[in-house]
Amino acid sequence: MSEALPTEGSRPLPSMAAAALLIALGGVLSRVVGFVREPIIAYYFGRGVQVDAFQIAWTVPSTVYDLLIAGAVSAALVPVFSEYAEGEPDEFWRIVSGVLTIALAALTALTALAVWQAPALVALLTPPGQAELRTIATPLMRLLLPAVLLMGISGLATAVLHAQRRFLLPAFVMVVFNLGMVLGVVLLHERLGVASLAVGAFIGALGQVALQLPGLRGARLRGGLSGAHPAVRRIMRLYGPVALGIGFSIIGTLIDRRLAAGFPAALGTMRYATTLIQFPLGLVASAVALAVLPTLSRQSASADEASFRATLAMGLKVVLLLILPATAGLAALAGPITGLAFQRGLFTAEDTAITALALLCYLPGLPAAAIDQLLLFAFYARKNTLTPNLIQGVAILCYLLVALPLLLFTRLGFLALVLGNSAQWIGHALITYFMLRRAVPLGGLRLGEATGKGLLASALMAGAVLGLATLGADMPPLLLVPLAGSAGALLYFAACAALRVEALGFFIGAVRARLGR
Numbered sequence: 001m002s003e004a005l006p007t008e009g010s011r012p013l014p015s016m017a018a019a020a021l022l023i024a025l026g027g028v029l030s031r032v033v034g035f036v037r038e039p040i041i042a043y044y045f046g047r048g049v050q051v052d053a054f055q056i057a058w059t060v061p062s063t064v065y066d067l068l069i070a071g072a073v074s075a076a077l078v079p080v081f082s083e084y085a086e087g088e089p090d091e092f093w094r095i096v097s098g099v100l101t102i103a104l105a106a107l108t109a110l111t112a113l114a115v116w117q118a119p120a121l122v123a124l125l126t127p128p129g130q131a132e133l134r135t136i137a138t139p140l141m142r143l144l145l146p147a148v149l150l151m152g153i154s155g156l157a158t159a160v161l162h163a164q165r166r167f168l169l170p171a172f173v174m175v176v177f178n179l180g181m182v183l184g185v186v187l188l189h190e191r192l193g194v195a196s197l198a199v200g201a202f203i204g205a206l207g208q209v210a211l212q213l214p215g216l217r218g219a220r221l222r223g224g225l226s227g228a229h230p231a232v233r234r235i236m237r238l239y240g241p242v243a244l245g246i247g248f249s250i251i252g253t254l255i256d257r258r259l260a261a262g263f264p265a266a267l268g269t270m271r272y273a274t275t276l277i278q279f280p281l282g283l284v285a286s287a288v289a290l291a292v293l294p295t296l297s298r299q300s301a302s303a304d305e306a307s308f309r310a311t312l313a314m315g316l317k318v319v320l321l322l323i324l325p326a327t328a329g330l331a332a333l334a335g336p337i338t339g340l341a342f343q344r345g346l347f348t349a350e351d352t353a354i355t356a357l358a359l360l361c362y363l364p365g366l367p368a369a370a371i372d373q374l375l376l377f378a379f380y381a382r383k384n385t386l387t388p389n390l391i392q393g394v395a396i397l398c399y400l401l402v403a404l405p406l407l408l409f410t411r412l413g414f415l416a417l418v419l420g421n422s423a424q425w426i427g428h429a430l431i432t433y434f435m436l437r438r439a440v441p442l443g444g445l446r447l448g449e450a451t452g453k454g455l456l457a458s459a460l461m462a463g464a465v466l467g468l469a470t471l472g473a474d475m476p477p478l479l480l481v482p483l484a485g486s487a488g489a490l491l492y493f494a495a496c497a498a499l500r501v502e503a504l505g506f507f508i509g510a511v512r513a514r515l516g517r
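Residue numbers for the sequence shown follow the working numbering, beginning at 1 and rising by one.
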């Protein structure tokens with residue numbers, strides 16, 4: 001028997017499921033376009049210094065965006081906006097207007113500073129002796145930074161729409177961004193070279209803003225909002241610890257990028273392997289977590305602890321249901337999947353082999369990273385942003401404790417950094433889970449049972465897929481991957497049905513309800 005869940009009258013779980021499916025659809029399309037984008041980059045630029053330079057150049061713009069917008073959206077803006085969205089519309093839009101003004105002013109100032117100091121920032125991210133890398137990365141960084149302003153506007157629009165439980169347009173912002181990158185490379189690579197990636201990022205960011213404007217029809221934006229307003233004070237209190245956590249992440253990123261830049265083609269290899277990791281993360285973890293956050297925020301605000309626990313537990317079970325077989329499938333088909341995705345043009349069979357090896361080193365941390373997103377959002381929904389961001393500092397220690405000894409005392413090269421990243425994800429998830437249990441009793445929700453059954457079904461799937469891959473070793477990846485993957489997926493869900501995995505029934509019911517609508 002499954003535990004009692006909130007009723008249809010309260011609508012939290014059905015709404016969560018519908019939103020998750022909508023966001024998942026956007027995630028699917030985004031990842032599909034991303035899987036077009038990355039092979040195109042690999043085709044034209046391979047794993048060489050140009051891709052490494054783009055990774056270095058993108059570090060600062062993405063850091064500025066994460067620092068001011070991305071972290072604030074889920075941790076502070078959506079929880080606070082969600083509460084005011086239920087009240088007087090004039091007050092809601094006054095708060096949105098004021099936050100928009102403050103955020104864009106800060107974003108503009110940081111962007112201008114980064115453009116000015118781009119050579120120093122590139123030097124900070126690369127070890128001495130990398131003259132070619134620095135020469136390419138510095139102008140790229142300056143070209144990329146203006147896109148941050150547009151991304152900031154898009155992120156704020158997403159927060160407003162999520163708070164109003166409007167998930168359709170925000171679900172597809174990354175689709176538009178990836179399309180912009182594809183257009184930039186395809187249309188401009190001959191004329192601009194690797195700079196076409198920067199132009200594509202600007203096109204994609206502009207498209208993100210244009211996509212969400214129709215959802216903001218009727219917005220009553222106006223100037224002026226005092227920093228003493230209760231909403232602003234609450235957002236700053238929630239965001240302050242997030243900024244601390246992002247500061248820890250920035251330190252970790254600086255260390256990781258600087259160390260990786262010392263190995264030829266390491267940054268490009270890590271980029272391509274991470275692309276394969278990000279597919280299930282975006283499809284599963286981000287979709288569920290973003291759909292759950294507004295529901296958890298309202299349940300926390302109303303002190304409905306039973307519904308909060310049930311919503312969180314079912315979200316975790318759905319993540320486990322989907323992320324465990326994804327991990328198993330990627331492990332069993334690492335080589336064929338990497339070859340299918342990237343091996344063409346300047347991306348050779350040797351590039352496929354080393355990228356597949358990097359993928360295998362990332363995979364131990366994939367389930368932890370997926371669960372971690374939902375656990376973080378549970379903290380944010382309870383207006384606790386300090387604890388998870390302090391944990392980020394400890395997680396970086398996990399990275400250093402694994403990566404540095406492997407780097408110094410083994411011949412793994414940059415793969416030591418990849419294993420360090422996996423250790424960081426696992427450490428962060430474990431610490432976050434045990435800290436959350438102190439605030440939210442998770443006993444009796446059968447999470448251990450869901451994990452055990454998922455691992456068993458995934459192990460059966462991995463064994464079968466690996467066997468099929470061995471038998472079909474001479475098959476082209478275009479045939480092997482879908483055949484073995486489909487057979488493995490059918491086996492996994494059949495095993496879950498036989499094991500009576502609770503989340504499977506919930507997930508199928510949500511899909512049927514969504515299709516029925």
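Note that beta-carbon positions come from the ideal geometry of N, C-alpha and C, so glycine has one too.
Straight-line gap, I255 to G218 (C-alpha atoms, nearest Å) = Here residue 255 refers to the residue found at position 255 when the sequence shown is read from its first residue. Here residue 218 refers to the residue found at position 218 when the sequence shown is read from its first residue. Taking the straight line from one Cα to the other gives about 45 angstroms.
Touching by the beta-carbon criterion (3+ pairs, under 8 angstroms), the stretch 147 to 165 and the stretch 181 to 193 | no
At least three beta-carbon pairs within less than 8 angstroms, the stretch 318 to 325 to the stretch 239 to 256 = no
Is the beta carbon of V78 less than 8 angstroms from the beta carbon of A163?
-> The residue given as residue 78 occupies position 78 in the sequence shown. The residue given as residue 163 occupies position 163 in the sequence shown. Cβ atoms of V78 and A163: closer than 8 angstroms.
From A349 to V49, what distance separates their C-alpha atoms?
-> Working through the sequence shown from its first residue, we reach residue 349 at position 349. Working through the sequence shown from its first residue, we reach residue 49 at position 49. In a straight line, the C-alpha of A349 is about 18 angstroms away from that of V49.
Taking all protein chains shown into account, decide if E132 is buried (16 or more other Cβ within 10 angstroms of its Cβ) or exposed.
-> The sequence position of residue 132 within the sequence shown is 132, counting from 1. When all chains shown are included, E132 counts as exposed.
In three-state terms, what does DSSP make of V394?
-> Here residue 394 corresponds to residue number 394 of the sequence shown, with the count starting at 1. Reduced to three states, the DSSP call for V394 is helix.
Can you give, in chain order, each stretch of the alpha helix (DSSP H) that sits fully within the stretch 278 to 352 and has at least 4 residues?
-> 287 to 301, 305 to 332, 334 to 342
Roughly how many angstroms lie between the CA atoms of Q208 and A147, to the nearest whole one?
-> Here residue 208 refers to the residue found at position 208 of the sequence shown. Here residue 147 refers to the residue found at position 147 of the sequence shown. Cα-Cα distance, rounded: 11 angstroms.
Could you please give the first and the last residue of the uninterrupted alpha helix (DSSP H) stretch that includes P476?
-> Counting from 1 along the sequence shown, the entry for residue 476 is found at position 476. Membership of P476 in any alpha helix (DSSP H) is not indicated, and neither H nor E is assigned to it by DSSP.
Residue closest to G262, alpha-carbon to alpha-carbon, out of A53, P61, F167, M475 | Reading the sequence shown from its first residue, position 262 is the one you call residue 262. For G262, the nearest C-alpha among the options comes from A53.
Measuring alpha carbon to alpha carbon, tell me which of W425, L340, V402 ends up nearest L376.
-> One-based indexing of the sequence shown puts residue 376 at position 376. The shortest C-alpha separation from L376 is found at W425.
Using 8 angstroms as the Cβ pair cut-off and three pairs as the minimum, do the stretch 96 to 105 and the stretch 120 to 131 touch?
-> no
What residue from L145, G335, Q343 has the CA that sits closest to I56's CA?
-> Working through the sequence shown from its first residue, we reach residue 56 at position 56. Checking every option, the nearest Cα to that of I56 belongs to L145.
Any idea if W58 is buried or exposed, counting beta-carbon neighbours within 10 angstroms, 16 or more meaning buried?
-> As a working note, residue 58 is residue 58 in the sequence shown. Label assigned to W58: buried.
T352 to L192, Cα distance in whole Å?
-> What you label residue 352 is simply residue 352 of the sequence shown in a count that begins at 1. What you label residue 192 is simply residue 192 of the sequence shown in a count that begins at 1. Rounded to the nearest angstrom, the two C-alpha atoms are 26 angstroms apart.
With 16 other Cβ atoms within 10 Å as the buried cut-off, status of G26 | Counting from 1 along the sequence shown, the entry for residue 26 is found at position 26. Burial call: buried.
Starting from the Cα of M475, find the closest Cα among L374, T355, I337 and give me that residue.
-> Position 475 of the sequence shown holds residue 475. If we check each option's Cα against that of M475, I337 comes out closest.
Can you have a look at V501 and say buried or exposed, based on whether 16 or more other CB atoms are within 10 angstroms of its CB?
-> Residue 501 sits at position 501 when you count from the first residue of the sequence shown. Under this definition V501 is a buried residue.
Cβ distance (whole Å) where L316 is taken to contact L447 below 8 angstroms = Mapped onto the sequence shown, residue 316 falls at position 316. Mapped onto the sequence shown, residue 447 falls at position 447. Yes, they are in contact, since the Cβ atoms of L316 and L447 sit about 6 angstroms apart, within 8 angstroms.
What's the gap between the Cα of A210 and the Cα of V199?
-> In the sequence shown, the residue the question calls residue 210 occupies position 210. In the sequence shown, the residue the question calls residue 199 occupies position 199. So the alpha carbons of these two residues sit roughly 17 angstroms apart.
Proximity below 8 angstroms, CB of R258 to CB of L125 = As a position in the sequence shown, residue 258 is number 258, starting the count at 1. As a position in the sequence shown, residue 125 is number 125, starting the count at 1. Yes, they are a contact pair.
Give the straight-line distance between the Cα atoms of S422 and I235, rounded to the nearest whole angstrom.
-> Counting from one through the sequence shown, the residue named residue 422 turns up at place 422. Counting from one through the sequence shown, the residue named residue 235 turns up at place 235. Cα to Cα, S422 sits roughly 32 angstroms from I235.
6 angstroms CB neighbourhood of I508 in its chain, flanking five on each side removed | Residue numbering aside, residue 508 sits at position 508 when the sequence shown is read from its first letter. Result list for I508: empty, nothing under 6 angstroms.
Along the alpha helix (DSSP H) that carries L67, what are the first and last residues, could you check?
-> Within the sequence shown, residue 67 is the residue found at index 67, counting from 1. Premise fails: L67 is in no alpha helix (DSSP H) and is neither H nor E.
Using the Cα positions of E83 and R298, report the straight-line distance between them to the nearest angstrom.
-> Your numbering for residue 83 matches position 83 in the sequence shown. Your numbering for residue 298 matches position 298 in the sequence shown. C-alpha separation (whole angstroms): 7 angstroms.
Nearest neighbour of T63, chosen from V96, Y43, V232, G245 [CA to CA] | Here residue 63 corresponds to residue number 63 of the sequence shown, with the count starting at 1. Of the candidates V96, Y43, V232, G245, the one whose C-alpha sits nearest the C-alpha of T63 is G245.
Between the Cα of R37 and the Cα atoms of Q392, F279, L479, which residue gives the shortest distance?
-> Taking the sequence shown and counting its residues from 1, the one referred to as residue 37 is at position 37. Measuring from the Cα of R37, the nearest candidate turns out to be F279.
Inter-residue Cα distance where the pair is A358 and R134 = Reading the sequence shown from its first residue, position 358 is the one you call residue 358. Reading the sequence shown from its first residue, position 134 is the one you call residue 134. So the two alpha carbons sit approximately 25 angstroms from each other.
State the Cα-Cα distance for the pair L67 and P61, rounded to the nearest angstrom.
-> Start at 1 with the first residue of the sequence shown, and residue 67 comes out as number 67. Start at 1 with the first residue of the sequence shown, and residue 61 comes out as number 61. Those two C-alpha atoms are separated by around 10 angstroms.
Within 10 angstroms of its Cβ, does L504 collect 16 or more other Cβ (buried), or is it exposed?
-> Within the sequence shown, the letter at position 504 stands for residue 504. Label assigned to L504: buried.
Report all residues from its chain with a CB closer than 6 angstroms to the CB of I69; omit the five preceding and five following residues, and keep chain order.
-> Here residue 69 refers to the residue found at position 69 of the sequence shown. Excluding positions up to five away in sequence, the list reads G152, G155.
With respect to the alpha helix (DSSP H) encompassing R438, which residues constitute its N-terminal and C-terminal limits?
-> Taking the sequence shown and counting its residues from 1, the one referred to as residue 438 is at position 438. That run of the alpha helix (DSSP H) goes 415 to 439.
Starting from T410, trace the alpha helix (DSSP H) both ways and give me its first and last residue.
-> Within the sequence shown, numbered from 1, the residue matching residue 410 stands at position 410. Careful: T410 lies outside any alpha helix (DSSP H) and carries neither H nor E.
Can you tell me whether L490 is buried or exposed, with buried defined as 16 or more other CB within 10 angstroms of its CB?
-> Locating residue 490 in the sequence shown gives position 490, counting from the first residue. The residue in question, L490, is exposed, as its Cβ has fewer than 16 Cβ neighbours within 10 Å.
Name the two residues that bound the continuous alpha helix (DSSP H) containing H162.
-> Taking the sequence shown and counting its residues from 1, the one referred to as residue 162 is at position 162. Note, H162: alpha helix (DSSP H), 146 to 163.
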